[in-house]
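Since the structure comes first, as structure tokens, the remarks are kept for the end.
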Amino acid sequence: MINKKVVFGSSMCPDCIVMKNELDKRGIKYLYLDINENLANLKKFLIFRENSAFDFAKKNGSIGIPAMVINDGEKIIFSMEEFDKLF
Numbered sequence: 001m002i003n004k005k006v007v008f009g010s011s012m013c014p015d016c017i018v019m020k021n022e023l024d025k026r027g028i029k030y031l032y033l034d035i036n037e038n039l040a041n042l043k044k045f046l047i048f049r050e051n052s053a054f055d056f057a058k059k060n061g062s063i064g065i066p067a068m069v070i071n072d073g074e075k076i077i078f079s080m081e082e083f084d085k086l087f
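First residue of the sequence shown: 1, per full-length UniProt numbering; consecutive thereafter.
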């Protein structure tokens with residue numbers, strides 16, 4: 001069961017804006033943390049970025065956002081396509 005959804009993103013990231021807008025349009029409840037807003041948000045993101053789900057991002061030199069962390073890391077997804085597969 002998916003209970004807690006946290007989306008890590010940045011207002012400077014076009015993909016993050018698309019994900020945020022799509023979630024809002026669908027009325028999906030989530031917490032959005034902008035990693036550029038403050039160090040606390042960035043630190044929270046960096047803890048999850050140690051997860052192997054981010055290996056693709058590390059290999060290609062990207063940040064790995066947007067990243068939706070479900071149930072404190074039980075699942076991490078990076079697109080609305082992945083989100084749709086969960087439902």
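Even for Gly, the Cβ is constructed at its ideal location relative to N, Cα and C.
- Its Cα nearest to that of Lys75, the residue Arg49 stands out among Ile28, Asp34, Arg49 and Glu37.
- Between the alpha carbons of Gly61 and Asn38 lies a distance of about 22 Å.
- Residue state for Met68 is assigned as strand, using DSSP reduced to three classes.
- For Lys44, the enclosing alpha helix (DSSP H) has its first and last residue at Leu39 to Arg49.
- The DSSP-derived three-state label of Leu86 is coil.
- Less than 8 Å divides the Cβ of Ile35 from the Cβ of Ser10.
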